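*Asks:*
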Amino acid sequence: MTRLAAEAVGWAVEGRFVLVDVALALPAGSLNVLTGENGAGKSTLLDILAGARKPARGHVALDGVPLAEIAPAHLARRIARLDHTPGLYLELSALENLQLFHGLVQSPGAPLDAAALLERVGLAARDQRRPVRGFSRGMLQRTALARVLASGADVWLLDEPSTGLDRAGCALLADVLADVRARGATVLLATHDPALLPLADARLHLSHGRLVAAEVA
Amino acid sequence: MTPPPPLRPTGFLALLGVATALICAALYCVAFVAEPDAVLGIVQKIFYFHVASAIAMMLCLSSGSLLSLVDLVAPSERVDALARAAIETGLIFAVMVLTSGPLWARKSWGAWWTWEPRLTLTLMLLLLATAVTGIRAMAPDGTGRKIAAALASLAAPVAYLIHVAVQKWGGTHPMVLKGGGIQSPGMQWTFRIALLAIFSFAATLWTLRYRQRRLEQRLLNLQLEISAQTVRRSRDGGLT
Amino acid sequence: MLLRLTWLLLQKDLRVAARSREVFGFMLLFALLCVVVFAFGFLREGEAAAAQVPGVLWVTLLFAGTVGLLRLFAAEEEGGTLHLAQRTLAGPHPLLLSKSLMQLIFSGVTTLLLLPVVLVFFDAALVQPAPVLAALALGLVGQAVLGALVAALLVHVRLREVLLPLVLYPLLAPLLIAGVRVTVLAQGNAPAETVDSWLGLMAGYDLVVLATAPWLHARVVEP
Numbered sequence: 003m004t005r006l007a008a009e010a011v012g013w014a015v016e017g018r019f020v021l022v023d024v025a026l027a028l029p030a031g032s033l034n035v036l037t038g039e040n041g042a043g044k045s046t047l048l049d050i051l052a053g054a055r056k057p058a059r060g061h062v063a064l065d066g067v068p069l070a071e072i073a074p075a076h077l078a079r080r081i082a083r084l085d086h087t088p089g090l091y092l093e094l095s096a097l098e099n100l101q102l103f104h105g106l107v108q109s110p111g112a113p114l115d116a117a118a119l120l121e122r123v124g125l126a127a128r129d130q131r132r133p134v135r136g137f138s139r140g141m142l143q144r145t146a147l148a149r150v151l152a153s154g155a156d157v158w159l160l161d162e163p164s165t166g167l168d169r170a171g172c173a174l175l176a177d178v179l180a181d182v183r184a185r186g187a188t189v190l191l192a193t194h195d196p197a198l199l200p201l202a203d204a205r206l207h208l209s210h211g212r213l214v215a216a217e218v219a
Numbered sequence: 037m038t039p040p041p042p043l044r045p046t047g048f049l050a051l052l053g054v055a056t057a058l059i060c061a062a063l064y065c066v067a068f069v070a071e072p073d074a075v076l077g078i079v080q081k082i083f084y085f086h087v088a089s090a091i092a093m094m095l096c097l098s099s100g101s102l103l104s105l106v107d108l109v110a111p112s113e114r115v116d117a118l119a120r121a122a123i124e125t126g127l128i129f130a131v132m133v134l135t136s137g138p139l140w141a142r143k144s145w146g147a148w149w150t151w152e153p154r155l156t157l158t159l160m161l162l163l164l165a166t167a168v169t170g171i172r173a174m175a176p177d178g179t180g181r182k183i184a185a186a187l188a189s190l191a192a193p194v195a196y197l198i199h200v201a202v203q204k205w206g207g208t209h210p211m212v213l214k215g216g217g218i219q220s221p222g223m224q225w226t227f228r229i230a231l232l233a234i235f236s237f238a239a240t241l242w243t244l245r246y247r248q249r250r251l252e253q254r255l256l257n258l259q260l261e262i263s264a265q266t267v268r269r270s271r272d273g274g275l276t
Numbered sequence: 004m005l006l007r008l009t010w011l012l013l014q015k016d017l018r019v020a021a022r023s024r025e026v027f028g029f030m031l032l033f034a035l036l037c038v039v040v041f042a043f044g045f046l047r048e049g050e051a052a053a054a055q056v057p058g059v060l061w062v063t064l065l066f067a068g069t070v071g072l073l074r075l076f077a078a079e080e081e082g083g084t085l086h087l088a089q090r091t092l093a094g095p096h097p098l099l100l101s102k103s104l105m106q107l108i109f110s111g112v113t114t115l116l117l118l119p120v121v122l123v124f125f126d127a128a129l130v131q132p133a134p135v136l137a138a139l140a141l142g143l144v145g146q147a148v149l150g151a152l153v154a155a156l157l158v159h160v161r162l163r164e165v166l167l168p169l170v171l172y173p174l175l176a177p178l179l180i181a182g183v184r185v186t187v188l189a190q191g192n193a194p195a196e197t198v199d200s201w202l203g204l205m206a207g208y209d210l211v212v213l214a215t216a217p218w219l220h221a222r223v224v225e226p
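Protein chains in written order, with this note's numbering: chain A, 3 to 219; chain B, 37 to 276; chain C, 4 to 226.
Here it is, written out as structure tokens:
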């Protein structure tokens, strides 16, 4: 079953197309890697797939429904996006951040074991309670990963998720990703990290504004 | 892709002709038909273009605001072009009002500037419209259109409130004189012709700017199409 | 739900503000500085200082409010959380509402602290305090909601620090004019109906802004 599909998606900046005729279909419960040289439009494509940008041409559909027709509130619950910013309030602690974002998209009373999630990404109990401003890049990235986990979304769009992570962090990331895939989530990650490539069910390559090769690893 | 039908300049040229003829006629009437005002003398003749410009400004800016709202509700490149052209034309007439206003004020009230309610409103509108127009240039790709449209649609009701406020406020100044009424038939005819002349001039500018925007949009679409073709070709060439 | 999410975001803003200790103190300091500068600029020997109070008070609040508005979305920009805060269960409305309330809290507290200072510095008394307080409340609500809207619209715009006042001040003109008039009238024994008509204008302004701002905000932030 195709969970997230893009059809003839195009994106232009200042009169020049960055993405042209991009088509993809991501099945439910799959882990896909998106590669491409710097400036190929990977982040833009992830933005479009997440519904954060409206494509200049074509459309994206979630479970066969065009994103434009899905209520943004519903979209926020289904699709999680991790970009080059951590997406965290720096003055809040990791726990507070998780609780806040969970509260914003989930109905009241939805269970959240924020401490366990943070434990899962390797954040010690004392680090969970201090403002994330003091965190290193890797710790921020781990917390951001926990935020995505807490969102409960079943489509994950991750942009360079291994940035700043140490070797243990990368292994943890791979572990988490394999885990959510097993639970039926659809993952698309843009990455240059060769360590993450073997995980992929499919590999997509962006080149010259087009998705040129979609080979199964 | 089938090319869109060409934007012919016929309508614009016709408007230009009409506006030119009417402006010449209005200038003739102002100079030779309308009698000088009994109290204010020759300076009263600014009135014909000053008031007509003020009305044209209000019409342009309010339709610009309304069209911005339409573009916000149902986005369309055509409406966007119309709205921008309206606001920019309104700006030009605001400048005309603010140039002729002080000339009038100097002679009739003895000061270059008075905080007369209508002049104050015009100044506020000029500042607001300039800021809204400036935002488009500063916003990242494409987002400026929505931001400018939102602020422009908000501007109309606020402008009405500014009008009410400066009216009440200016009402406390005793120096606002009633002057420059038009009494004779010659003056009335001159005013009507001046009104028509300024309106057709405004329509000409509006059409000119609108056409320019449309051509710009078409050029951009064409550029995009070429860019898409280039990308497709380089990909095909790269694979074989 | 709208209120619950607004409260969630407002709580977050208050917490961020308390921990960063950033905006509020500066806003108050800046307001005080404005008063001092205006005193240097406007006070003359032989003229009653009290006459300057309405203008000084309202322009100071306008300027100090701008300082708050320019930093209103700072935490979102820094952590890259803007798109997360916009996409809530209740859409983008809780964000605008919480930011308006945040601004209102800051400017409200600033006003309460500033008002006595201005009255003492300029040796003035309010003959009728009630209309002035009403005008301040109406003025601050309008400034907060409209300011939060403009700040939200300009978040990604270059030179927004310059553009925000350029757009905001003309839009706030009715409130400024009316607020100053009410304060002037309240210094004497003005007839109630004159004061009420100015307050009515301010209330009407607030209604227009409250009715349109959420819709405009939602319309612009949606992709």
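Even glycine gets a Cβ: it sits at the ideal position worked out from N, Cα and C. Since the structure is predicted, the reported quantities are computational estimates derived from the model, not experimental observations.
#1: Would you say residue 248(C) reaches chain B, if we count a Cβ-Cβ gap shorter than 8 Å as a contact?
#2: Straight-line CA distance for residue 230(B) to residue 205(C)?
#3: Taking only three categories from DSSP, how would you classify residue 74(C)?
#4: Determine the direct distance from the alpha carbon of residue 177(C) to that of residue 208(B), and round the result to whole angstroms.
#5: Taking 6 Å as the limit between beta carbons, can you name the residues of its chain near residue 88(A), skipping five residues before and five after?
#6: Taking its Cβ as the centre, do 16 or more other Cβ atoms sit within 10 Å of residue 214(B), making it buried, or is it exposed?
#7: What does residue 212(A) pair with, by DSSP beta-bridge criteria?
#8: Does the separation of the CB atoms of residue 14(A) and residue 63(A) fall below 8 Å?
#9: Give a yes or no on whether the C-beta atoms belonging to residue 33(A) and residue 201(A) are separated by under 8 Å.
#10: Reducing DSSP to helix, strand and coil, say where residue 140(C) ends up.
#11: Relative to chain C, which residues along the stretch 105 to 117 of chain B have a C-beta separation below 7 Å, given in chain order?
#12: List the endpoints of the continuous alpha helix (DSSP H) containing residue 154(A).
#13: Report, in whole angstroms, the separation of the C-beta atoms of residue 114(C) and residue 139(C), which I expect to be a contact under 8 Å.
#14: In its own chain, which residues sit with a C-beta less than 8 Å from the C-beta of residue 45(B), not counting the 5 before and 5 after it?
#15: Mind listing the chain C neighbours of residue 205(B)? Cutoff is C-beta to C-beta under 7 Å, in chain order.
#16: Based on Cα-Cα distance, which residue from 132(B), 156(B), 186(B), 182(B) lies nearest to residue 203(B)?
#17: Any beta carbon of chain C sitting closer than 8 Å to that of residue 192(B)?
#18: Is the CB of residue 212(B) under 8 Å away from at least one CB in chain C?
#19: May I ask you to list the residues that DSSP assigns as paired with residue 71(A)?
#20: Looking at the structure shown, is residue 36(A) part of a helix, part of a strand, or coil, going by DSSP?
#21: Quick test of the definition: if touching needs 3 or more C-beta pairs under 8 Å, does the stretch 62 to 79 of chain B touch the stretch 131 to 145 of chain B?
#22: Kindly indicate which three-state DSSP category residue 11(C) falls into: helix, strand or coil?
#23: Of the residues 152(A), 157(A), 117(A), 167(A), which one's Cα is nearest the Cα of residue 137(A)?
#24: Can you tell me the Cα-Cα spacing of residue 166(B) and residue 127(B), whole angstroms?
#25: Between the Cα of residue 56(A) and the Cα atoms of 21(A), 31(A), 40(A), which residue gives the shortest distance?
#26: Mind reading off the beta-carbon distance from residue 250(B) to residue 120(B)? Whole number of angstroms is fine, and I expect it under 8 Å.
#27: Under 8 Å between the Cβ atoms of residue 361(B) and residue 191(B)?
#28: So does the stretch 31 to 51 of chain A actually touch the stretch 47 to 66 of chain B, counting three or more Cβ pairs closer than 8 Å?
#29: How is residue 60(A) classed by DSSP in three states: helix, strand or coil?
#30: What are the boundary residues of the alpha helix (DSSP H) that includes residue 189(A)?
#31: Should residue 183(B) go down as buried or exposed, given a rule of 16 or more other Cβ atoms within 10 Å for buried?
#32: Since I believe residue 144(A) is in contact with residue 114(A) (beta carbons under 8 Å), could you give me their beta-carbon distance rounded to a whole number of angstroms?
#33: Buried or exposed, going by whether 16 or more other CB atoms sit within 10 Å of the CB of residue 80(C)?
#34: What first and last residue would you give for the beta strand (DSSP E) that runs through residue 29(A)?
#35: Using only alpha-carbon positions, find the residue among 50(C), 20(C), 25(C), 61(C) that is nearest to residue 38(C).
#36: Looking only at C-alpha atoms, which of 139(A), 99(A), 84(A), 187(A) sits nearest to residue 130(A)?
*Replies:* Concretely, from the data shown:
#1: Residue 248(C) lies beyond the residue range present for chain C, which begins at 4 and ends at 226; the question has no answer from this structure.
#2: Counted from its first residue, the second sequence places residue 230(B) at position 194. Counted from its first residue, the third sequence places residue 205(C) at position 202. Residue 230(B) and residue 205(C): Cα-Cα distance of roughly 38 Å.
#3: Working through the third sequence from its first residue, we reach residue 74(C) at position 71. Three-state result, residue 74(C): coil.
#4: Taking the first residue of the second sequence as position 1, residue 208(B) is located at position 172. Taking the first residue of the third sequence as position 1, residue 177(C) is located at position 174. Caution applies to residue 208(B), whose pLDDT of 45 falls short of 50 and renders its modelled position unreliable; the model cannot decide the point.
#5: Locating residue 88(A) in the first sequence gives position 86, counting from the first residue. The residues are 142, 146.
#6: On the second sequence, position 178 is the one that residue 214(B) refers to. For residue 214(B), the predicted structure reports a pLDDT of 49, less than 50, and the residue's modelled location is therefore unreliable. A value from the coordinates is still provided. Residue 214(B) is exposed by the Cβ-count criterion.
#7: Within the first sequence, residue 212(A) is the residue found at index 210, counting from 1. Answer is 209(A), bridged to residue 212(A).
#8: Taking the first sequence and counting its residues from 1, one reaches residue 14(A) at position 12. Taking the first sequence and counting its residues from 1, one reaches residue 63(A) at position 61. Going by C-beta atoms, residue 14(A) is not nearer than 8 Å to residue 63(A).
#9: Position 31 of the first sequence, counted from the start, is the residue given in the question as residue 33(A). Position 199 of the first sequence, counted from the start, is the residue given in the question as residue 201(A). Result yes, Cβ atoms of residue 33(A) and residue 201(A) sit closer than 8 Å.
#10: As a position in the third sequence, residue 140(C) is number 137, starting the count at 1. In this structure, residue 140(C) counts as helix in the three-state DSSP scheme.
#11: 108
#12: Here the question's residue 154(A) lines up with position 152 in the first sequence. Per DSSP, residue 154(A) belongs to no alpha helix (DSSP H) and is neither H nor E.
#13: Position 111 of the third sequence, counting from 1, holds the residue named residue 114(C). Position 136 of the third sequence, counting from 1, holds the residue named residue 139(C). Confirmed, Cβ separation roughly 6 Å.
#14: Translated into the one-based positions of the second sequence, residue 45(B) becomes position 9. The residues are 247.
#15: The sequence position of residue 205(B) within the second sequence is 169, counting from 1. Correct list: 180, 184.
#16: What you label residue 203(B) is simply residue 167 of the second sequence in a count that begins at 1. Of 132(B), 156(B), 186(B), 182(B), the residue nearest in Cα terms is 156(B).
#17: For the purposes of this step, residue 192(B) is taken as the residue at position 156 of the second sequence. No, residue 192(B) lies away from the interface with chain C (no Cβ there is under 8 Å from its Cβ).
#18: Your numbering for residue 212(B) matches position 176 in the second sequence. Since pLDDT at residue 212(B) reaches only 41, below the 50 mark, its modelled position is unreliable, and no value is offered.
#19: Locating residue 71(A) in the first sequence gives position 69, where the first residue counts as 1. None; residue 71(A) has no bridge partner.
#20: In the first sequence, the residue the question calls residue 36(A) occupies position 34. Correct three-state label for residue 36(A): strand.
#21: yes
#22: Numbered from 1 along the third sequence, position 8 holds the residue referred to as residue 11(C). Residue state, collapsed to three classes: helix.
#23: Sequence index remark: in the first sequence, residue 137(A) carries index 135 (1-based). Nearest of 152(A), 157(A), 117(A), 167(A) to residue 137(A), Cα basis: 167(A).
#24: Mapped onto the second sequence, residue 166(B) falls at position 130. Mapped onto the second sequence, residue 127(B) falls at position 91. Straight-line Cα distance between these residues: approximately 7 Å.
#25: As a first step, residue 56(A) must be located in the first sequence, where it is residue number 54. Of the candidates 21(A), 31(A), 40(A), the one whose C-alpha sits nearest the C-alpha of residue 56(A) is 21(A).
#26: Within the second sequence, numbered from 1, the residue matching residue 250(B) stands at position 214. Within the second sequence, numbered from 1, the residue matching residue 120(B) stands at position 84. The pair is not a contact, with the Cβ atoms about 11 Å apart (cut-off 8 Å).
#27: Outside the shown range of chain B, which is 37 to 276, sits residue 361(B), and nothing can be said about it.
#28: no
#29: For the purposes of this step, residue 60(A) is identified with residue 58 of the first sequence, where counting begins at 1. DSSP places residue 60(A) in strand when its eight states are reduced to three.
#30: Sequence index remark: in the first sequence, residue 189(A) carries index 187 (1-based). Here residue 189(A) belongs to no alpha helix (DSSP H); instead the beta strand (DSSP E) covers 188 to 192.
#31: As a position in the second sequence, residue 183(B) is number 147, starting the count at 1. Looking at its Cβ environment, which holds 16 or more other Cβ atoms inside 10 Å, residue 183(B) is buried.
#32: One-based indexing of the first sequence puts residue 114(A) at position 112. One-based indexing of the first sequence puts residue 144(A) at position 142. Actually they do not touch by this definition, with Cβ atoms about 17 Å apart.
#33: Here the question's residue 80(C) lines up with position 77 in the third sequence. With fewer than 16 Cβ atoms within 10 Å of its Cβ, residue 80(C) is classed as exposed.
#34: For the purposes of this step, residue 29(A) is taken as residue 27 along the first sequence, with counting starting at 1. 18 to 29 is the span of the beta strand (DSSP E), which, as asked, contains residue 29(A).
#35: Taking the first residue of the third sequence as position 1, residue 38(C) is located at position 35. Among 50(C), 20(C), 25(C), 61(C), the Cα nearest to that of residue 38(C) is on 61(C).
#36: As a position in the first sequence, residue 130(A) is number 128, starting the count at 1. Cα-wise, what sits closest to residue 130(A) is 99(A).
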